[in-house]
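S.K.: Per my numbering, the very first residue in the sequence shown carries number 191; after that it's consecutive.
Backbone N, C-alpha and C define an ideal beta-carbon position, used for all residues, glycine too.
Take a look at this one; I'll ask things after.
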Amino acid sequence: MTTTKKMMIAGLFTASLMAWTSSLQAGQITGFTWSSGIASIALDPVSPPVDPNNDNVVGDSPNGILVTQKAFFDANGVADIVFSVTDSGGTTEYAFAEGVSNSTGLDFSQYRIELGFGEGALFVPSTSGDGLDFDAPDEDSTLDFSAFFSTPTLVGEDVILATGGLFPNLAFTTPPFIFSIDVPDGIDSFTLRQIPIAVPEPASMALLALGSIAAFSRVGREPE
Ligand SMILES: [Ca+2]
Ligand SMILES: [Ca+2]
Ligand SMILES: [Ca+2]
Ligand SMILES: [Ca+2]
Numbered sequence: 191m192t193t194t195k196k197m198m199i200a201g202l203f204t205a206s207l208m209a210w211t212s213s214l215q216a217g218q219i220t221g222f223t224w225s226s227g228i229a230s231i232a233l234d235p236v237s238p239p240v241d242p243n244n245d246n247v248v249g250d251s252p253n254g255i256l257v258t259q260k261a262f263f264d265a266n267g268v269a270d271i272v273f274s275v276t277d278s279g280g281t282t283e284y285a286f287a288e289g290v291s292n293s294t295g296l297d298f299s300q301y302r303i304e305l306g307f308g309e310g311a312l313f314v315p316s317t318s319g320d321g322l323d324f325d326a327p328d329e330d331s332t333l334d335f336s337a338f339f340s341t342p343t344l345v346g347e348d349v350i351l352a353t354g355g356l357f358p359n360l361a362f363t364t365p366p367f368i369f370s371i372d373v374p375d376g377i378d379s380f381t382l383r384q385i386p387i388a389v390p391e392p393a394s395m396a397l398l399a400l401g402s403i404a405a406f407s408r409v410g411r412e413p414e
C-alpha cells in the first residue's frame, strides 16, 4: 500500500471516529413521542444540536426543532409531546417552530403551552429554577404566535399563554408558532403540553344564559 493510500485511509478513519464521537457527545433532544390528543405529527429528524450548551443565546438558537401536528386533543383537552433527552454537559437552548392544524371542530380563543414531565394524568409541571424553561429569565429569543394571536406572554418560566386573536377550526398556523426551550442536563425527558382554549359553543352559551336566568328568577323569589 502506498503512503498516500495509507494517509487517505487514516484520514477517513479519523473523520468517521470524529463523527461517531460527536454523535455520542452532542444531542440533548434525541427523540419524541406524542399522546392521543394528536391525530398525526411530522417532526424533522432530530439531529444533534449544531451548538450544544449555548444557553443563553440572544436571538434565534441554531438548534432548531420543527414540529407539525394535526391536533384534535383528547378528553382532557390537552396534547402532550414527550421529548427524550441526554446530557450534553450543559444547558442547550432550542428554537421550536410548531405548526398546528386545528381539526377539533372548535375555534380557539387562546392557546397555552406548558413544560413538565410525564404525560396525561401523570403530567407534572416543571418547577421554577429546575433548568427547564421557555428561555427564562432572559426572554431574548423569538416568541411569535402571530399566525393567530398578537400577545404571547410568558407566565412564570414554564407557561406561555397566547391571547389577542382567534385560531379558527380547520386553520393552520402560517407562520408556525415560534418559541425557545432551555434544556438542561440531568433529565431523561420532558413534555411540551398544549392546551387550546375553545370559544364556548352556542349550546353551552345557551345553557349558561339559561343558568343565569334561573339564578336571577330564584333571587327574585327570595323572601324579604
Ligand atoms: Ca435566548
Ligand atoms: Ca422550570
Ligand atoms: Ca435561554
Ligand atoms: Ca433558562
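1. So, do the stretch 365-379 and the stretch 269-285 have three or more beta carbon pairs nearer to each other than 8 Å?
2. Within this structure, are the beta carbons of A269 and G227 separated by less than 7 Å?
3. Kindly provide the ranges of any beta strand (DSSP E) runs that are 3 or more residues long and lie completely inside the stretch 340-380, ordered along the chain.
4. Please classify N253: is it buried, with 16 or more other beta-carbons within 10 angstroms of its beta-carbon, or exposed?
5. By DSSP's criteria, L382 is part of a beta bridge. Which residues make up the other side?
6. Please tell me whether P342 and A326 are closer than 7 Å, where the distance is taken between their beta carbons.
7. Any heavy atom of ligand 2 inside 6 Å of the beta-carbon of E347?
8. Apart from the five residues on each side of it in sequence, which residues of its chain come closer than 6 Å, Cβ to Cβ, to A232?
9. Counting Cβ pairs closer than 8 Å, one from the stretch 380-387 and one from the stretch 292-308, do we hit at least three?
10. Which two residues bound the contiguous beta strand (DSSP E) that contains S291?
11. Is any heavy atom of ligand 2 found at a distance shorter than 6 Å from the C-beta of S316?
12. Would the beta-carbon of A337 fall within 7 Å of that of T317?
13. Tell me where the beta strand (DSSP E) around L256 begins and ends.
14. Using the beta-carbon count (16 or more within 10 Å), is D348 buried or exposed?
15. The beta strand (DSSP E) spanning T276 covers which residue range?
16. Measuring alpha carbon to alpha carbon, tell me which residue in A388, P386, D378 and P390 is nearest V275.
17. What does the shell around ligand 1 hold, if a residue joins when its beta-carbon is under 7 Å from any heavy atom?
18. For T223, which beta-bridge partners are listed by DSSP?
19. Going by DSSP in three states, A232 sits in which element: helix, strand or coil?
20. Anyone know if the C-beta pair for V240 and D297 falls short of 7 Å?
21. Determine, using beta carbons only, whether L322 and A287 come nearer to each other than 7 Å.
22. Using a Cβ-Cβ cut-off of 6 Å (strictly less than) and excluding sequence neighbours within five positions of V247, which residues of its own chain qualify?
M.R.: In this structure, then:
1. yes
2. yes
3. 349-355 and 367-373
4. buried
5. Beta-bridge pairing links L382 to I271 and L305.
6. no
7. yes
8. T258
9. yes
10. T282 to N292
11. yes
12. no
13. Here the beta strand (DSSP E) through L256 covers G254 to A261.
14. buried
15. Per DSSP, T276 belongs to no beta strand (DSSP E) and is neither H nor E.
16. D378
17. For ligand 1, the selected residues are N246, V247, V248, S251, E283, D325, D328, D330, S331 and S370.
18. In DSSP, T223 forms a bridge with V272.
19. strand
20. Their beta carbons are not under 7 Å apart, which means V240 does not touch D297 by this criterion.
21. no
22. E283
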